[in-house]
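Q: Residue numbers (the working numbering): 33 to 189. Even for Gly, the Cβ is constructed at its ideal location relative to N, Cα and C. What follows is a single structure, and I will ask about it in a moment.
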């Protein structure tokens with residue numbers, strides 16, 4: 033297994049306990065990485081889609097509330113009409129579908145493996161965009177690496 037550099041490194045200095053002018057900026061960076069807003073997510077998804085212009089579907093692994101998922105899905109759809117291929121200048125078009133964990137129809141016994149289903153989908157995804165602080169994301173990334181999936185296809189907020 034060849035190691036590859038992950039494209040979304042996150043460097044921080046844990047040795048410094050003094051407050052600096054950059055504290056506010058650092059706080060914003062942590063917030064975006066660990067607790068992204070809908071706008072943060074829409075912007076990051078747009079960045080990834082402009083890098084991987086063939087993407088047309090989204091699957092969101094989440095335990096988020098239905099109202100949040102509805103707002104996020106609507107925002108992602110609305111933003112997608114503005115996605116322009118940086119090379120050709122052509123519109124990429126709206127997302128063909130946006131699905132999420134809550135769309136899974138599972139019976140009582142299947143509920144116990146819902147996260148394993150999410151993980152299987154994440155491992156097989158063309159591009160994974162995850163939360164670097166999430167153990168679920170880190171396990172999926174490790175499985176993707178063991179299958180020699182390009183590191184640039186496993187991204188973080």
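So, under 8 Å CB-CB, residue 149 and residue 136 are touching, yes? Tell me the CB distance rounded to an integer number of Å.
A: 6 Å
Q: Do residue 132 and residue 87 have their C-beta atoms closer together than 9 Å?
A: The Cβ atoms of residue 132 and residue 87 lie no closer than 9 Å to each other.
Q: Please state the DSSP three-state secondary structure of residue 179.
A: In the structure shown, the three-state DSSP call for residue 179 is coil.
Q: Would you tell me roughly how many angstroms separate the C-alpha atoms of residue 89 and residue 118, rounded to the nearest one?
A: 19 Å
Q: Can you tell me whether residue 162 is buried or exposed, with buried defined as 16 or more other CB within 10 angstroms of its CB?
A: buried
Q: Whose CA, out of 70, 116 and 93, lies closest to the CA of residue 81?
A: 116
Q: Need the endpoints of the beta strand (DSSP E) that residue 116 sits in, please.
A: Premise fails: residue 116 is in no beta strand (DSSP E) and is neither H nor E.
Q: Keeping to the same chain, check which residues put their C-beta closer than 8 Å to that of residue 95; ignore five residues upstream and five downstream.
A: 133
Q: By the DSSP assignment, the beta strand (DSSP E) with residue 154 in it spans what residues?
A: Counting along the chain, residue 154 sits inside no beta strand (DSSP E); it lies in the alpha helix (DSSP H) bounded by residues 146-156.
Q: Just to confirm, does residue 161 get its C-beta within under 8 Å of one of the non-hydrogen atoms of the ligand MG?
A: Absent from the structure shown: the ligand MG. Ligands present: none.
Q: Applying the criterion that 16 or more other CB atoms from any shown protein chain within 10 Å of the CB defines a buried residue, is residue 108 buried or exposed?
A: buried
Q: Got a sec, what are the start and stop residues for the beta strand (DSSP E) residue 89 sits in?
A: Annotation: the continuous beta strand (DSSP E) that includes residue 89 extends over 89-92.
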